[in-house]
Amino acid sequence: QSIGCDDYLGSDKVVDKCGICGGDNTACKVVSGVFKHTLTNLGYHKIVEIPEGATKINITEMSKSNNYLALRSRSGRSIINGNWAIDRPGRYEGGGTMFTYKRPNEISSTAGESFLADGPTNEVLDVYMIHQQPNPGIHYEYIIPGDNVISPQLLTHRRPGEPLNGQLGMPESTNHEDEDLHRETDALTGQSAGTFPVIQPGRFPSHQPENQAPAVQPPRQNREYNWKQIGKTECTATCGKGSQYPVFHCVNRITHEEVSESYCDSSTKPVPEEEACNLFPCPAFWDIGEWSECSKTCGLGMQHRQILCRQMYANRTLTVQQYRCHHLEKPETTSTCQLKICSEWQIRTEWTSCSVPCGVGQRTRDVKCVSNLGDIVDDEECNMKLRPNDIENCDMGPCAKSWFLTEWSDRCSAECGDGVRTRSVVCMTNHVSSLPLEGCGNNRPSETTPCDNGPCAGKVEWFAGGWTQCSTECGSGTQQREIICVRKTEGNFDVLNPYECSYLEKPPSQQSCYLKPCGSKWFHTEWSTCSKSCEGGFRVREVRCLSDDMTASTQCDPQLKPEEKEPCNTQDCIPEIDENCKDKYYNCNVVVQARLCVYTYYKTACCASCTRVANRQSGFLGRR
1 QSIGCDDYLG SDKVVDKCGI CGGDNTACKV VSGVFKHTLT NLGYHKIVEI
51 PEGATKINIT EMSKSNNYLA LRSRSGRSII NGNWAIDRPG RYEGGGTMFT
101 YKRPNEISST AGESFLADGP TNEVLDVYMI HQQPNPGIHY EYIIPGDNVI
151 SPQLLTHRRP GEPLNGQLGM PESTNHEDED LHRETDALTG QSAGTFPVIQ
201 PGRFPSHQPE NQAPAVQPPR QNREYNWKQI GKTECTATCG KGSQYPVFHC
251 VNRITHEEVS ESYCDSSTKP VPEEEACNLF PCPAFWDIGE WSECSKTCGL
301 GMQHRQILCR QMYANRTLTV QQYRCHHLEK PETTSTCQLK ICSEWQIRTE
351 WTSCSVPCGV GQRTRDVKCV SNLGDIVDDE ECNMKLRPND IENCDMGPCA
401 KSWFLTEWSD RCSAECGDGV RTRSVVCMTN HVSSLPLEGC GNNRPSETTP
451 CDNGPCAGKV EWFAGGWTQC STECGSGTQQ REIICVRKTE GNFDVLNPYE
501 CSYLEKPPSQ QSCYLKPCGS KWFHTEWSTC SKSCEGGFRV REVRCLSDDM
551 TASTQCDPQL KPEEKEPCNT QDCIPEIDEN CKDKYYNCNV VVQARLCVYT
601 YYKTACCASC TRVANRQSGF LGRR
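Now the structure itself:
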């Protein structure tokens with residue numbers, strides 16, 4: 001059978017969250033919350049107050065940050081992380097209980113700091129946050145007793161005289177204030193470090209002072225053996241205050257020889273009492289904190305750690321001035337670090353050709369982020385500020401928007417009768433830039449023109465003459481032949497109306513021909529409008545050398561290049577004669593000399609004279 005919290009066999013009573021054996025969780029109150037205030041100033045900021053008597057204390061940072069938790073008593077004594085000194089994780093006594101300070105691994109963990117304690121506290125404690133970056137939130141929780149509640153340490157079902165937590169109960173008349181008389185003062189800080197055991201009423205010390213009469217002892221007659229202190233145990237600490245106990249052995253009263261303990265009365269053996277030893281402070285030492293995270297995820301970065309000068313006394317480690325550690329070499333607080341080699345940008349291909357054959361287009365190339373192992377990784381692994389361009393504009397020059405054509409062929413497609421001469425016509429945007437044909441407009445110049453080399457002799461039936469020579473000496477052209485309806489007679493052929501041969505299949509009269517590649521040839525546009533209508537102007541056209549596939553070429557014969565500019569309208573300017581423009585007076589020359597032609601009356605009365613003068617002046621200005 002199990003034993004309940006009331007120490008009765010078979011009892012099913014358990015301690016509730018309030019610490020009451022057999023309680024129903026109503027004798028206490030759970031206080032919890034989250035501190036989420038936005039802080040602006042660096043330094044210590046109070047988070048929550050832990051009242052006296054609090055138990056099950058849990059103060060936890062909700063996520064990892066560069067902030068620190070701190071704990072201080074209401075009297076002003078720092079318990080954890082006080083005076084801008086960050087303590088190492090561990091157990092720290094304060095407020096009558098033991099706090100466990102946890103700070104998870106700074107690199108591998110995302111959890112925040114925490115204070116944990118079972119309580120109960122014997123004074124009011126204040127929890128602070130050392131603010132250095134935005135507050136991630138601090139969760140706090142503790143339990144306080146309700147009104148008129150018996151202390152959890154006093155079990156309601158304890159029988160009189162039974163041990164409580166392994167100790168005899170203290171009579172009600174005990175004055176707890178006497179305990180303060182036995183508190184010990186820390187030699188380094190002047191702060192309370194602990195208490196000596198309290199001598200409770202009804203109990204005797206293990207030995208009496210020499211100036212006092214001993215308590216009632218058994219009769220001393222025939223006591224040949226007694227207990228003698230022969231030494232002390234080894235000190236538990238080599239420095240900084242340890243403890244040791246006296247060692248008693250049974251000896252002969254006369255010879256002082258050690259004998260078996262059975263010769264002595266065990267009830268009279270003194271109880272060894274703890275004695276302090278090695279009270280001098282331990283040498284100070286450098287307390288080395290953990291390295292912070294590397295400042296860079298790849299490449300060379302920096303990491304930091306905290307170095308504190310600390311000294312041990314009375315099983316407590318205290319932070320002291322750094323000059324106490326001057327006899328030791330101070331460890332480095334910063335170090336270089338490199339988690340991995342950074343990935344780098346690599347150009348994997350050359351630039352592509354421009355997206356357009358003329359005008360402004362774009363060209364691209366392949367740029368990848370490659371790890372130090374040669375693997376292609378996400379672009380975020382590389383420095384985006386150093387990424388080479390993978391796209392840029394390219395200018396292939398202006399696009400042509402004119403019709404380009406060759407000279408007419410020298411040969412007519414028919415040796416006699418009606419034929420045609422041909423020429424090549426090309427729109428540059430159609431063949432070069434792949435733009436729609438409308439880029440040159442809809443007025444495509446003709447590729448053929450009629451020609452006539454005179455009448456031809458007739459033949460009988462459908463008579464197909466021989467093919468004419470090709471309309472071009474090179475490249476694509478056409479050939480013509482005469483098809484007539486004739487009737488054969490003796491020694492002659494009579495030409496008939498084509499209607500007479502309509503029931504017969506008429507042979508084709510034209511076919512395409514191709515003698516040889518032309519190579520590069522000169523193409524030109526139509527002449528522009530003449531710059532003047534008389535007295536000599538000029539007109540221009542664009543001339544280009546194109547290969548068989550209508551791309552720009554430099555293989556044309558410069559001697560055969562057509563002219564790009566020529567004079568035009570070289571005839572003199574002749575003013576139009578208006579029959580109604582006459583001089584009405586014989587002395588109009590006087591009007592001209594007096595410069596009266598600017599007036600409407602004289603301009604009408606002497607129209608011919610004023611007009612001649614105006615034309616001479618305009619011609620003079622034009623020649624200038």
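Note that full-length UniProt numbering gives residue 123 to position 123 of the sequence shown, counting from 1, and the numbers run on in steps of one.
C-beta atoms are modelled at their ideal positions from N, C-alpha and C, and glycine is treated no differently.
Problem - Continuous beta strand (DSSP E) stretch holding TYR101: start and end - result: Per DSSP, TYR101 belongs to the beta strand (DSSP E) from 97-102.
Exercise for the section: Please confirm whether ASP549 and CYS518 have their CB atoms less than 8 Å apart. Expected result: The answer is no: Cβ separation not under 8 Å.
Problem - Spatially closest choice to ASN252 from LEU125, TYR225 and LEU339, by CA coordinates - result: Its Cα nearest to that of ASN252, the residue TYR225 stands out among LEU125, TYR225 and LEU339.
Practice task
Using three-state DSSP, classify GLU172 as helix, strand or coil.
Solution key: With a pLDDT of 36 at GLU172, under the threshold of 50, the modelled position of this residue cannot be trusted; read the value that follows with caution. GLU172: coil per DSSP, three-state reduction.
Problem - 8 Å Cβ cutoff met for VAL271 and ILE138 - result: Contact: no.
Problem - Given ALA117 as reference, the closest of TYR68, ILE59 and ASN81 once Cα atoms are compared - result: Considering only alpha carbons, the answer is ILE59.
Exercise for the section: Enumerate, from N- to C-terminal direction, the unbroken beta strand (DSSP E) stretches of 3 or more residues contained entirely within the segment 268-338. Expected result: Within the segment 268-338, the complete beta strand (DSSP E) runs of at least 3 residues are 275-277, 285-288, 301-304, 307-313, 316-319 and 334-337.
Handout entry: Inside the segment 334-374 only - beta strand (DSSP E) runs reaching at least 3 residues
Key = Runs of the beta strand (DSSP E) inside the segment 334-374: 334-337, 344-347, 360-364 and 367-370.
Practice task
Using DSSP bridges, identify the partner residues of GLU141.
Solution key: In the DSSP output, where bridge partners are listed per residue, GLU141 has SER32 and ASN58.
Practice task
Let me know the secondary structure DSSP gives ALA414 once reduced to three states.
Solution key: Coil at ALA414, not helix or strand.
Practice task
Could you check what DSSP says for ARG624 in three-state terms: helix, strand or coil?
Solution key: Low per-residue confidence applies at ARG624: pLDDT is 45, beneath 50, and the placement is therefore not dependable enough to give any value.
Problem - Close-in-space but distant-in-sequence residues of the same chain around SER292 (CB under 7 Å, 5 per side omitted) - result: GLU106, GLN303, HIS304 and ARG305.
Problem - For TYR601, the first and last residue of its enclosing alpha helix (DSSP H) - result: Note, TYR601: alpha helix (DSSP H), 600-605.
Practice task
Evaluate TYR323 with the Cβ neighbour count: other Cβ atoms within 10 Å of its Cβ, from every protein chain shown; 16 or more gives buried, anything less gives exposed.
Solution key: That one is exposed.
Practice task
Give me the Cα-Cα distance between THR478 and SER531, rounded to the nearest whole angstrom.
Solution key: Their Cα atoms are separated by approximately 38 Å.
Exercise for the section: Determine the burial state of TYR599: buried for a count of at least 16 other Cβ atoms within 10 Å of its Cβ, exposed for fewer. Expected result: Exposed, because fewer than 16 other Cβ atoms sit within 10 Å of the Cβ of TYR599.
Practice task
Please report the Cβ distance between residue 649 and ARG365, rounded to the nearest whole angstrom; I am assuming they are in contact, meaning their Cβ atoms lie under 8 Å.
Solution key: This structure cannot settle anything about residue 649, because the visible part of the chain is limited to 1 through 624.
Handout entry: Distance between GLN362 and ASN453 (C-alpha atoms, nearest Å)
Key = Going by the C-alpha atoms only, they are around 55 Å apart.
Problem - Delimiting residues of the beta strand (DSSP E) encompassing CYS250 - result: Segment 246-252, the beta strand (DSSP E) holding CYS250.
Exercise for the section: Could you name the residues of the same chain whose beta carbon sits closer than 8 Å to that of SER512, not counting the 5 residues immediately before and after it, in chain order? Expected result: Here the set comprises SER476, GLY477, THR478 and GLN479.
Handout entry: PRO171 burial status per 10 Å Cβ neighbour count (16 or more: buried)
Key = For PRO171, the predicted model reports a pLDDT of 34, less than 50, meaning its position is unreliable and no value from the coordinates is stated.
Problem - Complete runs of the beta strand (DSSP E) confined to the segment 446-511 [at least 3 residues] - result: Within the segment 446-511, the complete beta strand (DSSP E) segments of 3 residues or longer fall at 448-452, 461-464, 476-480, 483-489 and 492-495, listed in chain order.
Handout entry: TRP351 classed as buried or exposed, judged by whether at least 16 other C-beta atoms fall within 10 angstroms
Key = Counting Cβ neighbours within 10 Å, TRP351 comes out exposed, since fewer than 16 surround it.
Problem - Host beta strand (DSSP E) of VAL543 (start-end) - result: VAL543 -> beta strand (DSSP E) spans 543-546.
Exercise for the section: Would you tell me roughly how many angstroms separate the C-alpha atoms of SER295 and ASP126, rounded to the nearest one? Expected result: In a straight line, the C-alpha of SER295 is about 34 Å away from that of ASP126.
Handout entry: Range of the contiguous beta strand (DSSP E) that encloses VAL540
Key = VAL540 -> beta strand (DSSP E) spans 537-540.
Exercise for the section: Whole angstroms is fine: what's the gap from LEU71's alpha carbon to THR110's? Expected result: If I take the Cα positions, the gap works out to 22 Å.
Practice task
With a threshold of 7 Å, establish whether the CB of ASN580 neighbours any heavy atom of the ligand NAD.
Solution key: The ligand NAD is not part of this structure, which contains no ligands at all.
Problem - Within the segment 554-584, ranges of the beta strand (DSSP E) (whole runs, at least 3 residues) - result: Taken in chain order, the complete beta strand (DSSP E) segments of 3 residues or longer contained in the segment 554-584 are 565-568.
Exercise for the section: Evaluate contact between the segment 276-290 and the segment 241-255, counting only Cβ atoms and requiring at least three cross-stretch pairs below 8 Å. Expected result: Between the segment 276-290 and the segment 241-255 there are three or more C-beta pairs closer than 8 Å, enough to call the two in contact.
Exercise for the section: For GLN133, name the three-state secondary structure that DSSP assigns. Expected result: GLN133 falls in the coil class under three-state DSSP.
Exercise for the section: Give a yes or no on whether the C-beta atoms belonging to GLY22 and ASP7 are separated by under 8 Å. Expected result: Contact flag unset, no.
Exercise for the section: Could you work out which residue in THR297, TYR263 and TYR313 is closest to CYS239 when comparing CA atoms only? Expected result: CYS239 has its Cα closest to that of TYR313, out of THR297, TYR263 and TYR313.
Handout entry: Cβ distance (whole Å) where CYS501 is taken to contact TRP462 below 8 Å
Key = Contact flag correct, Cβ pair sits at about 5 Å.
Practice task
Would you grab the beta carbon distance between PRO445 and VAL420 for me? Rounded to a whole angstrom, and I think it's under 8 Å.
Solution key: That pair is no contact at about 15 Å.
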